[in-house]
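**Student:** One structure, pasted below without further comment.
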Amino acid sequence: MGSRKTNARGRQIQEVINEGYINCIDDDNTTFEKNDYEEKIDWILTSQPLHSLISNVETHPTIGTLNGHKPLTFDIPIGVEPKPPSPRLSLNFKAANWPKFRSKLNEQLMLWNNNRLINSALDIEEYTSFITNSITSATQEAIPTSKQLNTNIKLTKYTKHHVYGTGRRCHAAVILFDIKAAFDSVWHDGLIYKLNELRLPQYVMNYLSGTPQGSPLSPLLYIIYTADSMNAIPDHTEHGLFADDTALWTSSNTTTSLNSRLQQSIDAFESLSPTCNDRVRNGGEIGIDCDGSCVKRCNGRACSSPDDCWSGVCGSNQTCSEANCNDRVRNGGEIGIDCDGPCVKRCNGRSCSSPDDCWSGVCGTNQTCSAAVCDDRVRNGGEIGIDCDGPCVRRCNGRACSSPNDCWSGVCGTNQTCSAAACNDRVRNGGEIGIDCGGSCVKRCTGRACSSPDDCWSGVCGTNQTCSEANCNDRVRNGGEIGIDCDGPCVNRCNGRACSSPDDCWSGVCGTNQTCSG
4 MGSRKTNARG
14 RQIQEVINEG
24 YINCIDDDNT
34 TFEKNDYEEK
44 IDWILTSQPL
54 HSLISNVETH
64 PTIGTLNGHK
74 PLTFDIPIGV
84 EPKPPSPRLS
94 LNFKAANWPK
104 FRSKLNEQLM
114 LWNNNRLINS
124 ALDIEEYTSF
134 ITNSITSATQ
144 EAIPTSKQLN
154 TNIKLTKYTK
164 HHVYGTGRRC
174 HAAVILFDIK
184 AAFDSVWHDG
194 LIYKLNELRL
204 PQYVMNYLSG
214 TPQGSPLSPL
224 LYIIYTADSM
234 NAIPDHTEHG
244 LFADDTALWT
254 SSNTTTSLNS
264 RLQQSIDAFE
274 SLSPTCNDRV
284 RNGGEIGIDC
294 DGSCVKRCNG
304 RACSSPDDCW
314 SGVCGSNQTC
324 SEANCNDRVR
334 NGGEIGIDCD
344 GPCVKRCNGR
354 SCSSPDDCWS
364 GVCGTNQTCS
374 AAVCDDRVRN
384 GGEIGIDCDG
394 PCVRRCNGRA
404 CSSPNDCWSG
414 VCGTNQTCSA
424 AACNDRVRNG
434 GEIGIDCGGS
444 CVKRCTGRAC
454 SSPDDCWSGV
464 CGTNQTCSEA
474 NCNDRVRNGG
484 EIGIDCDGPC
494 VNRCNGRACS
504 SPDDCWSGVC
514 GTNQTCSG
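Written as structure tokens, this is what we have:
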């Protein structure tokens, strides 16, 4: 079985190189082991005419993205240099050893979009160069790495015109991409769709429809799947495909233009690649950017932490949950945490007309949503209550305290517990304008208009109909006095208090028992 498969693969490659096609090769051995998917696929490819599949790649149906569907990511294993940190910048590519590069190019670039073929190594003998941080010539006597320049871009020139049909002296460069986990990342249902659109016989579709996601795929079948992914490559750059290897090849009369062309092509190539953050269900994903080839899990899947879930929400039942606008996670297209995007609430810095417009609940004086703080009188920013607990130092009502300063209310009760603000706790809290006056309190603060002493927290409504400060001769028990104008902040003592002379007593009477009396 292995020998037959190897020979069939060899026939495929040879026929492609010769610009021919495999014309219904007879094979009497069509019995397969159960689930022997690779054998099935190889047999199909050696038994069917493939010319229609490989010669008109631009007409292939698109799948998954605007211009087609292709694998998730790619890397660059060419040459002895380390892989670049990012394949998205042309200047990150390294120079390759020319003999190795030529051999790989001749081996793998077999299908050209414009039907041009490299027939032998001799045809590309003088077409050298590769992109590097400083592009250097890479001839058969490859220049050592130590001699590469760090600033100037230099490319070997060529004079032949076999590849590009021009007699001008130009700079040429090739980038070879190796698709990462290529066969495993194929969206199998998408492949079936493409083959169906190409009008393959139904019995071929029946064979393939039973092949599960991630099964081995023949190189030519993989090319059928990825061919239309190159449709967006600019016209000035040619491309080649074989199995999971992809090449971009271009030339220009200046190195600046060459680098620009390559960068445009890399950008186009990369932009078509489905990723796990493109907000599209593609690349074998079970949901949008989750499961399949993606690490993040879809809603309904088991999770142990928010990081397991694409939504960023691992619910109380240890299951990934839908994103929403109050889960305190930036997800679901939100611009910030639970704001903008699909959410009604606006993020900090956005214009607002009322606190209700803002996720923070704070619409500043400049009509702009502002960050939550611990004195904005709004429960926001992770606070447990209004301006208390969470990120705030002050504690909410019901929390343990050792002093009034521990409590947002300013009241640490006799049971060492923060208590709610009240209008008789002698603390300015709970939205009061002054101590126990104004705001939520009925009593008015000093300076406010009044019509009777009952209007004023001080109990003093002056002759100008304005609440006045409490004092020790206003004949009102106020200002912390124990009695009317006595004790508390007052010098004079109330009746029943000890005294040594009449001057000690508010009543002016110090009795025989040395006690103030009325």
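Residue numbers for the sequence shown follow our numbering, so the first one is 4 and each next one is one higher. Glycine included, C-beta positions come from ideal geometry on N, C-alpha and C.
Buried or exposed for Gly450, please, with buried defined as at least 16 other CB atoms from any protein chain shown within 10 angstroms of its CB.
**Tutor:** Taking the first residue of the sequence shown as position 1, residue 450 is located at position 447. By the 10 Å Cβ count, Gly450 comes out exposed.
**Student:** Are Cys377 and Arg397 closer than 8 Å when you measure CB to CB?
**Tutor:** Residue mapping note: residue 377 aligns to position 374 of the sequence shown, counting from 1. Residue mapping note: residue 397 aligns to position 394 of the sequence shown, counting from 1. The answer is yes: Cβ separation under 8 Å.
**Student:** So, under 8 Å CB-CB, Ala326 and Gly339 are touching, yes? Tell me the CB distance rounded to an integer number of Å.
**Tutor:** Reading the sequence shown from its first residue, position 323 is the one you call residue 326. Reading the sequence shown from its first residue, position 336 is the one you call residue 339. Actually they are not in contact, since the Cβ atoms of Ala326 and Gly339 sit about 13 Å apart, beyond 8 Å.
**Student:** Among Cys323, Cys391, Ser319, which one has its Cα closest to the Cα of Asp310?
**Tutor:** What you label residue 310 is simply residue 307 of the sequence shown in a count that begins at 1. Selected option, being the one with the closest Cα: Cys323.
**Student:** Going straight from the alpha carbon of Arg447 to that of Asn467, what length do you get?
**Tutor:** Numbered from 1 along the sequence shown, position 444 holds the residue referred to as residue 447. Numbered from 1 along the sequence shown, position 464 holds the residue referred to as residue 467. So the alpha carbons of these two residues sit roughly 15 Å apart.
**Student:** Tell me the rounded alpha-carbon separation between Thr518 and Asn498.
**Tutor:** Indexing the sequence shown from 1 puts residue 518 at position 515. Indexing the sequence shown from 1 puts residue 498 at position 495. When rounded, the distance between both Cα atoms is 7 Å.
**Student:** Roughly how many angstroms separate the alpha carbons of Cys502 and Asp390, rounded to a whole number?
**Tutor:** What you label residue 502 is simply residue 499 of the sequence shown in a count that begins at 1. What you label residue 390 is simply residue 387 of the sequence shown in a count that begins at 1. Distance between the alpha carbons of Cys502 and Asp390: 48 Å.
**Student:** Thinking Ser373 and Val381 are a contact (beta carbons under 8 Å), I'd like their distance in whole angstroms, please.
**Tutor:** Mapped onto the sequence shown, residue 373 falls at position 370. Mapped onto the sequence shown, residue 381 falls at position 378. With a Cβ gap of about 10 Å, Ser373 and Val381 do not count as contacting.
**Student:** Where DSSP assigns a beta bridge to Gly335, which residues make up the other side?
**Tutor:** Here residue 335 is taken as the residue at index 332 of the sequence shown, counted from 1. Answer is none; Gly335 lacks a bridge partner.
**Student:** Select from Arg349, Thr240, Gln419, Ser471 the residue whose C-alpha is nearest the C-alpha of Cys440.
**Tutor:** The residue labelled residue 440 in the question sits at position 437 within the sequence shown. Measuring from the Cα of Cys440, the nearest candidate turns out to be Ser471.
**Student:** Please report how far the alpha carbon of Asp379 lies from the alpha carbon of Asn495, in whole angstroms.
**Tutor:** Here residue 379 refers to the residue found at position 376 of the sequence shown. Here residue 495 refers to the residue found at position 492 of the sequence shown. So the alpha carbons of these two residues sit roughly 42 Å apart.
**Student:** Assign Thr259 to one of three DSSP states: helix, strand, or coil.
**Tutor:** Residue mapping note: residue 259 aligns to position 256 of the sequence shown, counting from 1. Thr259: helix per DSSP, three-state reduction.
**Student:** Using the beta-carbon count (16 or more within 10 Å), is Ile269 buried or exposed?
**Tutor:** Here residue 269 refers to the residue found at position 266 of the sequence shown. Counting Cβ neighbours within 10 Å, Ile269 comes out buried, since at least 16 surround it.
**Student:** Where Ser504 and Gly521 are concerned, what is the direct C-alpha to C-alpha distance, given to the nearest angstrom?
**Tutor:** Locating residue 504 in the sequence shown gives position 501, where the first residue counts as 1. Locating residue 521 in the sequence shown gives position 518, where the first residue counts as 1. Ser504 and Gly521: Cα-Cα distance of roughly 14 Å.
**Student:** How many angstroms separate the CA atom of Gly318 from the CA atom of Cys328?
**Tutor:** Working through the sequence shown from its first residue, we reach residue 318 at position 315. Working through the sequence shown from its first residue, we reach residue 328 at position 325. If I take the Cα positions, the gap works out to 15 Å.
**Student:** Does the Cβ of Arg300 have 16 or more other Cβ atoms within 10 Å, making it buried, or fewer, making it exposed?
**Tutor:** Start at 1 with the first residue of the sequence shown, and residue 300 comes out as number 297. It is buried - the Cβ of Arg300 has at least 16 other Cβ atoms within 10 Å.
**Student:** Smallest Cα separation from Thr417: which of Ser454, Ser406, Asn262?
**Tutor:** Your numbering for residue 417 matches position 414 in the sequence shown. The shortest Cα separation from Thr417 among Ser454, Ser406, Asn262 belongs to Ser406.
**Student:** Mind checking who Ala501 pairs with in its DSSP beta bridge?
**Tutor:** Within the sequence shown, numbered from 1, the residue matching residue 501 stands at position 498. According to DSSP, which records beta bridges pairwise, Ala501 is partnered with Thr518.
**Student:** Residues in the same chain with beta-carbon distance under 8 Å from Arg264, minus the five sequence neighbours each way, listed in chain order, please.
**Tutor:** Along the sequence shown, one-based indexing puts residue 264 at 261. Counting only Cβ-Cβ distances below 8 Å, and skipping sequence neighbours, we find Pro237, His239, Thr240, Thr253, Ser255.
**Student:** Among the residues of its own chain, which have a CB less than 6 Å from the CB of Asp428, if the five just before and after it don't count?
**Tutor:** Along the sequence shown, read from residue 1 onward, the residue named residue 428 stands at position 425. Val414, listed in sequence order.
**Student:** Just confirm the distance between the C-beta atoms of Val479 and Gly462, as a whole number of angstroms; I'd bet it's less than 8 Å.
**Tutor:** Residue mapping note: residue 479 aligns to position 476 of the sequence shown, counting from 1. Residue mapping note: residue 462 aligns to position 459 of the sequence shown, counting from 1. The Cβ separation is near 4 Å, so the contact holds.
**Student:** How big is the Cα-Cα spacing for Asp457 and Asn481?
**Tutor:** For the purposes of this step, residue 457 is identified with residue 454 of the sequence shown, where counting begins at 1. For the purposes of this step, residue 481 is identified with residue 478 of the sequence shown, where counting begins at 1. Cα to Cα, Asp457 sits roughly 11 Å from Asn481.
**Student:** Under a Cβ-count criterion, where at least 16 other Cβ atoms within 10 Å of its own Cβ denotes burial, should Gly295 be classed as buried or exposed?
**Tutor:** Mapped onto the sequence shown, residue 295 falls at position 292. Buried, since its Cβ has 16 or more Cβ neighbours within 10 Å.
**Student:** Should Ser454 be labelled buried (16 or more other beta-carbon atoms within 10 Å of its own) or exposed?
**Tutor:** Here residue 454 corresponds to residue number 451 of the sequence shown, with the count starting at 1. It counts as exposed.
**Student:** Taking just the CA atoms, how far does Cys489 sit from Gly514?
**Tutor:** The residue labelled residue 514 in the question sits at position 511 within the sequence shown. The residue labelled residue 489 in the question sits at position 486 within the sequence shown. Between Gly514 and Cys489, the C-alpha separation is close to 17 Å.
**Student:** Restricting to Cα atoms, I'd like to know which of Asp507, Asn432, Cys361 is closest to Asp343.
**Tutor:** Looking up residue 343 in the sequence shown gives position 340. Out of Asp507, Asn432, Cys361, Cys361 has the C-alpha closest to the C-alpha of Asp343.
**Student:** Give the single residue among Ser308, Trp509, Ile387, Trp313 whose Cα lies nearest to the Cα of Cys297.
**Tutor:** Counting from 1 along the sequence shown, the entry for residue 297 is found at position 294. Per the Cα distances, Trp313.
**Student:** Could you tell me which of Cys399, Gln419, Cys404 sits nearest to Trp411, measuring between CA atoms?
**Tutor:** One-based indexing of the sequence shown puts residue 411 at position 408. Looking at the Cα atoms, Cys399 is the closest of the given residues.
**Student:** Starting from the Cα of Ala452, find the closest Cα among Glu386, Thr469, Gly315 and give me that residue.
**Tutor:** Here residue 452 refers to the residue found at position 449 when the sequence shown is read from its first residue. The shortest C-alpha separation from Ala452 is found at Thr469.
**Student:** Once DSSP output is grouped into helix, strand and coil, what is the label at Ser268?
**Tutor:** For the purposes of this step, residue 268 is taken as residue 265 along the sequence shown, with counting starting at 1. In the structure shown, Ser268 sits in a helix (DSSP, three-state: H, G or I).
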